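S.K.: Numbering (the working numbering), first residue to last: 5 to 119. Just so you know, even glycine gets a beta-carbon here, dropped at the ideal spot from N, CA and C. These numbers come from a predicted model, not from an experiment. Take this structure, written in structure tokens, and hold onto it; I'll ask about it next.
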């Protein structure tokens, strides 16, 4: 059973930075992709950033140039470096693993950006 555990959330001032981590309970080397999503109450969950097994990354327009996703296969960990944070980045952030036979989600972690 694959488990994903997010950490690094919390309260940060606008303009600040935060790094989220997602530790996976098994090797991520063979995973098709890893991704970060976020969700605001009353809205759909949206893709923030993704990284494929070959290292290619993709970002939503709203975070492109400010956020950076990376993976450390040796540590079974995926990171989301968030810079120049804005109040509209406030959300619950979820780690996602795209496996060959489906996907797994973490429980989510709150990030609150104060103005």
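Roughly how many angstroms lie between the CA atoms of residue 20 and residue 69, to the nearest whole one?
M.R.: 14 Å
S.K.: Using the DSSP secondary-structure output, state which residues sit across from residue 7 in a beta bridge.
M.R.: Residue pairing by DSSP leaves residue 7 without any beta bridge partner.
S.K.: Reducing DSSP to helix, strand and coil, say where residue 93 ends up.
M.R.: Here residue 93 sits in helix by DSSP.
S.K.: What residue does the beta strand (DSSP E) around residue 37 start on, and which one ends it?
M.R.: 37-43
S.K.: What do you reckon, are the CB atoms on residue 117 and residue 94 nearer than 8 Å?
M.R.: yes
S.K.: Does the region 98-113 come into contact with the region 73-80, if we say contact requires no fewer than three beta-carbon pairs (one atom in each stretch) closer than 8 Å?
M.R.: no
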